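K.L.:
Residue numbers (the numbering used here), protein chains in the order written: chain A, 64 to 564; chain B, 64 to 564. Here a beta-carbon is modelled for each residue, glycine too, at the ideal position from N, C-alpha and C. Quantities reported herein were computed from a predicted structural model and do not represent experimental measurements.
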């Protein structure tokens, strides 16, 4: 535990480190409602930046937003067999629409206000949306439908963790409808690529994009694509998924269209989503024992200016700090004005330095009366590079360059961690050894015979699961045939195994 | 009913007109979930523009966003007596957290998964937020807290109407905490002014800002401010409210702070919100028998370009239309790029003209081969001004001017309607006559003796309620004393009466 910061070190206890980090960086906290979090302003600002960036990428590819109801009639759930199997065990059920006096000074659900049919708080919206689409789609002219919604969803969690797994979470869910299998396939891959680019370019987190095994696909999908990242404790984290739903939901909700050739056919579908889990992914990829390390494009505060010096000099220093902040705010970096804060709170400079390291400001500028005399300031980065003295007139260009480098360095570090912890394993002994103990074990590329039975046995014995069959091989050799690491049966190619969050 | 458009006329049946309008303008529709709507992409685009504008105004006044849980423990509701009275009768109650097989091939709430304490889907979040604030506030240094959240809320509606009154709706709710009564008062007035400016400058809807009577204030507030607009059927619509909560919630949740003088005091609070009801307000203020008339700053499509002519000329005309659209998109109007669409669908020009009148494009540009030859295009506005021929090189500046005028004209029309339908009434006979029959009756400024009893009698006999005590008098004479229109008792000033949505 770093006493000054109140954070357990990663080496000491990674799970405690994560919880301390989320709390001390003032991102979120557990609420009194089981498994639900309160996202605090600093954490919500990160989510807003993520949302706006992704929303822009979706709109640039022809998608529009809409909003469907929070509640789903129970009977809708029953219509797609795999889907209900996947979600019935963890849902919040609305049964009454009124409270009444319990006769003891309190309230109770009114027995006379029982709903005829219970509603489920959406864990995902395929069913309610495809019920609407039935009325929206008659002909091929009505296709494609390319709709996304930003929404809260609920899946009852027995072991919640802030951002990673909460009962209520925030996400976007795209739900598209198409005339052909191929068009839906193209859509699911377009989105997969948006997710990959967002993870790599905005979050600075390298991901492996690929196909899920049948055992790991979405409940109700034909097949699922995923992006998988590696955390610092060497586990995989699924950061986003894009599903080709085939005609499963169209059949469950009887949604057909008349094709250009005049034939009545079931509609093809995709769905796809990323959630507030992205924040957890980003935290686990980059942050350190001193707090939040935030990729610059997603940092609510990219530059913090800390005024230094005695009370006598305060007005002068504050004025210079405000002026510097103004110059930075007037500058565009990566398509948006630089986000700057001048910390005028009545705390000591040392306290502020720690606080902004905790909260993930990328760049810190220290500015005092002596700096003003020399026309300079002192610039430090959250990545711990040596402090540099910068002429005030050059701060804007230096900050731009530092933010550029910051993102590149974060990505390079994360890629290096992944490269150093991705192994090719060919024997069952080595495989078990890779995942022995409580630790993560990293990424293991191994051969698999393609059966669900083998997948289950491997998972039962090692806790490692197939994270994906990579779309682009990490190494060309991964696509050569071999023998299953467990059964010795023929295998077409290596797949990615890891213990997962 | 305009047969070509599928909209009942306002004169024929205003309620049917409204429903047809929402449907035919493709803004929203009723869902299968009781009282809940589906906001379709065109309607949601309007909401996104509203949200972004308001969010900017909140942030410019120091507010930040956060997110609190969707669910509220039942016991929290019981803590503030007026609050629970106001909301217990119309809420959705979660009682189970798992479905299980009902033994007949279907599902039922699992009797073994009953929640120990039921949860309420938030109808508003004061209780859950003040429970959090208790942990966030110790000293005056922690104040003020200026938090807003954009969220969905639920109030079970027996007579839902799209946008105006739906079981689930979308809103922002601000929840602020202050060290003094006066600071909270200032906050509630700052927000009231933001709401007024948004209504007038963005929605082009004149509103009367003022104080609610005790009978109409928010359940749990010390006092409530409101903005009230007039609809075309001469009813009032409450478009936004800002509440000074006194110390009511701080006391209910035991939230105290140590003042600068070292005393332990309860915290002062405000809350405030506007919702998707704003869309209904805007529709009722401006739209006509041909569809949606949308204020330009909130129009998803400000300019639609309709290519005209035979198939032979198509490529040439499309290229010119795209080029014109590009010039417009590269232009900033009212702080954002002009929102343009080129309608290349395979429908007839006449069909497209109707469609875009229905959907509220402010400006229509018709462009055909003969226009190209003469280097011009034809420009029409949704307000029915005479079509003008405009040189292609001047379209950008003409569009800017037309959009400016469009907003001014909308506001002027709405203000004229209000002026023509605001009366001062001094006798009970005239008052009853003003509100007789099924119609709206407009705004009536009348004297009231200030008692809840009189307020209730007036409402019971005429269906008119006190909408507000205006902050700024509509007429200076309104603030002179007089005699209550019902009882003849002394009255300090006139107040605003109307039948309300």
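Are there three or more Cβ pairs, one per stretch, closer than 8 angstroms when the stretch 86-104 of chain B is compared with the stretch 529-543 of chain A?
P.N.:
no
K.L.:
Per DSSP, what are the beta-bridge partners of residue 162 of chain A in this structure?
P.N.:
Here residue 162 of chain A corresponds to residue number 99 of the first chain, with the count starting at 1. A/172, per the DSSP bridge assignment.
K.L.:
Kindly give me the distance between the Cβ atoms of residue 219 of chain A and residue 292 of chain A, rounded to whole angstroms, as I take these residues to be in contact under 8 angstroms.
P.N.:
Translated into positions along the first chain, residue 219 of chain A becomes position 156. Translated into positions along the first chain, residue 292 of chain A becomes position 229. Wrong, their Cβ atoms sit about 26 angstroms apart, outside the cutoff.
K.L.:
Taking Cβ positions only, does residue 160 of chain A come closer than 8 angstroms to chain B?
P.N.:
Start at 1 with the first residue of the first chain, and residue 160 of chain A comes out as number 97. Cβ-Cβ to chain B under 8 angstroms: yes for residue 160 of chain A.
K.L.:
State yes or no: is the beta carbon of residue 425 of chain B nearer than 8 angstroms to at least one beta carbon in chain D?
P.N.:
Note that chain D does not occur in the displayed structure, where the protein chains are A and B.
K.L.:
Among B/435, B/235, B/265, B/288, which one has its Cα closest to the Cα of residue 247 of chain B?
P.N.:
By 1-based counting over the second chain, the position of residue 247 of chain B is 184. When only C-alpha atoms are compared, the closest one is B/288.
K.L.:
Taking 8 angstroms as the threshold, find out whether the stretch 173-180 of chain A comes into contact with the stretch 227-241 of chain A through three or more Cβ pairs.
P.N.:
no
K.L.:
Against residue 101 of chain B, what residues of chain A qualify as contacts under a CB-to-CB distance less than 8 angstroms, listed in chain order?
P.N.:
Within the second chain, numbered from 1, the residue matching residue 101 of chain B stands at position 38. In chain order: 129, 130, 131, 132, 195.
K.L.:
Going along the stretch 320-354 of chain A in order, which residues come within less than 8 angstroms of chain B, judged by CB to CB distance?
P.N.:
none
K.L.:
Of all the options A/552, A/465, A/434, which has the alpha carbon lying nearest to the alpha carbon of residue 452 of chain A?
P.N.:
Taking the first residue of the first chain as 1, we reach residue 452 of chain A at position 389. Of A/552, A/465, A/434, the residue nearest in Cα terms is A/434.
K.L.:
Against chain B, does residue 566 of chain A count as a neighbour if the rule is that its beta carbon must be under 8 angstroms from one of theirs?
P.N.:
It is not possible to answer for residue 566 of chain A, since the shown part of chain A is limited to 64 through 564.
K.L.:
Looking at the structure shown, is residue 564 of chain B part of a helix, part of a strand, or coil, going by DSSP?
P.N.:
Along the second chain, read from residue 1 onward, the residue named residue 564 of chain B stands at position 501. The three-state reading of DSSP puts residue 564 of chain B in coil, since its state is none of H, G, I, E or B.
K.L.:
Which same chain residues end up closer than 7 angstroms to residue 417 of chain B when comparing Cβ atoms and leaving out the 5 residues on each side of it in sequence?
P.N.:
Along the second chain, read from residue 1 onward, the residue named residue 417 of chain B stands at position 354. 67, 68.
K.L.:
Once DSSP output is grouped into helix, strand and coil, what is the label at residue 33 of chain A?
P.N.:
Here chain A has residues from 64 to 564 only, and residue 33 of chain A is not among them.
K.L.:
Could you tell me which of A/144, A/555, A/485, A/103 sits nearest to residue 297 of chain A, measuring between CA atoms?
P.N.:
Here residue 297 of chain A refers to the residue found at position 234 when the first chain is read from its first residue. When only C-alpha atoms are compared, the closest one is A/485.
K.L.:
For chain B, is any of its Cβ atoms less than 8 angstroms away from the one on residue 137 of chain A?
P.N.:
The count along the first chain starts at 1 and reaches residue 137 of chain A at position 74. Output row for residue 137 of chain A: interface = yes.
K.L.:
Would residue 119 of chain B pass as an interface residue toward chain A - the criterion being a Cβ-Cβ separation below 8 angstroms?
P.N.:
As a working mapping, residue 119 of chain B is identified with position 56 in the second chain. Chain A, which has no Cβ nearer than 8 angstroms to the Cβ of residue 119 of chain B, makes this no.
K.L.:
So residue 477 of chain A packs on residue 268 of chain A, CB below 8 angstroms; how close in whole Å?
P.N.:
Taking the first residue of the first chain as position 1, residue 477 of chain A is located at position 414. Taking the first residue of the first chain as position 1, residue 268 of chain A is located at position 205. Sure, about 6 angstroms apart at Cβ, within 8 angstroms.
K.L.:
What span of residues does the alpha helix (DSSP H) with residue 417 of chain A cover, start to end?
P.N.:
Sequence index remark: in the first chain, residue 417 of chain A carries index 354 (1-based). Unbroken alpha helix (DSSP H) run through residue 417 of chain A: 412-421.
K.L.:
Check whether the stretch 553-561 of chain A and the stretch 319-331 of chain B touch, using three or more Cβ-Cβ pairs below 8 angstroms as the test.
P.N.:
no
K.L.:
Look at the alpha carbon of residue 468 of chain A and the alpha carbon of residue 356 of chain A, and state the distance between them as a whole number of angstroms.
P.N.:
Taking the first chain and counting its residues from 1, the one referred to as residue 468 of chain A is at position 405. Taking the first chain and counting its residues from 1, the one referred to as residue 356 of chain A is at position 293. If you take the alpha carbons of residue 468 of chain A and residue 356 of chain A, they lie about 14 angstroms apart.
K.L.:
What I want to know is whether the C-beta of residue 416 of chain A ends up closer than 7 angstroms to one or more non-hydrogen atoms of the ligand NAP.
P.N.:
This structure lacks the ligand NAP; in fact it carries no ligand of any kind.
K.L.:
Locate the alpha helix (DSSP H) running through residue 149 of chain B, then write down its first and last residues.
P.N.:
Numbered from its first residue, the second chain carries residue 149 of chain B at position 86. Counting along the chain, residue 149 of chain B sits inside the alpha helix (DSSP H) bounded by residues 144-150.
K.L.:
Between residue 152 of chain A and chain B, is any beta-carbon pair separated by less than 8 angstroms?
P.N.:
Stepping through the first chain from its first residue, residue 152 of chain A is reached at position 89. Interface residue, yes.
K.L.:
Please name the residue, chosen from B/414, B/258, B/338, B/505, that lies closest to residue 563 of chain B on a Cα-to-Cα basis.
P.N.:
As a first step, residue 563 of chain B must be located in the second chain, where it is residue number 500. Nearest option by C-alpha distance: B/505.
K.L.:
Between the Cα of residue 308 of chain B and the Cα atoms of B/542, B/145, B/103, which residue gives the shortest distance?
P.N.:
Counting from 1 along the second chain, the entry for residue 308 of chain B is found at position 245. Among B/542, B/145, B/103, the Cα nearest to that of residue 308 of chain B is on B/145.
K.L.:
Does the stretch 372-384 of chain B come close enough to the stretch 110-128 of chain B to have 3 or more Cβ pairs within less than 8 angstroms?
P.N.:
no
K.L.:
Can we say the stretch 70-88 of chain B touches the stretch 342-356 of chain B, given the rule of at least three CB pairs closer than 8 angstroms?
P.N.:
yes
K.L.:
Roughly how many angstroms lie between the CA atoms of residue 566 of chain B and residue 84 of chain B, to the nearest whole one?
P.N.:
In the structure as shown, chain B begins at 64 and stops at 564. Residue 566 of chain B is therefore absent and cannot be evaluated.
K.L.:
Assuming contact is defined by CB atoms lying nearer than 8 angstroms, are residue 371 of chain A and residue 430 of chain A in contact in what I supplied?
P.N.:
In the first chain, counting from the first residue as 1, residue 371 of chain A sits at position 308. In the first chain, counting from the first residue as 1, residue 430 of chain A sits at position 367. Cβ distance < 8 angstroms, so residue 371 of chain A and residue 430 of chain A count as in contact.
K.L.:
Which residue marks the beginning of the alpha helix (DSSP H) containing residue 370 of chain B, and which one marks its end?
P.N.:
The residue you call residue 370 of chain B lines up with position 307 of the second chain. It is not in any alpha helix (DSSP H) - residue 370 of chain B instead sits in the beta strand (DSSP E) that spans 366-370.
K.L.:
Since residue 77 of chain A sits in a beta bridge, which residues does DSSP pair it with?
P.N.:
Position 14 of the first chain holds residue 77 of chain A. Beta-bridge pairing links residue 77 of chain A to no other residue.
K.L.:
Between the alpha carbons of residue 266 of chain B and residue 317 of chain B, how many angstroms are there, rounded?
P.N.:
The residue labelled residue 266 of chain B in the question sits at position 203 within the second chain. The residue labelled residue 317 of chain B in the question sits at position 254 within the second chain. Approximately 40 angstroms, taken between the alpha carbons.
K.L.:
Go through its chain and collect everything with a Cβ distance to residue 284 of chain A's Cβ below 7 angstroms, but skip five positions before and after it.
P.N.:
Here residue 284 of chain A refers to the residue found at position 221 when the first chain is read from its first residue. Excluding residues within five positions, the ones whose Cβ falls inside 7 angstroms are 306, 307, 308.
K.L.:
Grab me the residues of residue 173 of chain A's own chain with a C-beta within less than 7 angstroms of its C-beta, minus the 5 sequence neighbours each way, in chain order.
P.N.:
On the first chain, residue 173 of chain A is found 110 positions in, with the first residue counted as 1. So the qualifying residues of the chain are 159, 161, 162, 163.
K.L.:
Quick one: what's got a C-beta closer than 7 angstroms to residue 108 of chain B's C-beta in the same chain, skipping five residues either side?
P.N.:
As a working mapping, residue 108 of chain B is identified with position 45 in the second chain. These residues qualify, in order along the chain: 363.
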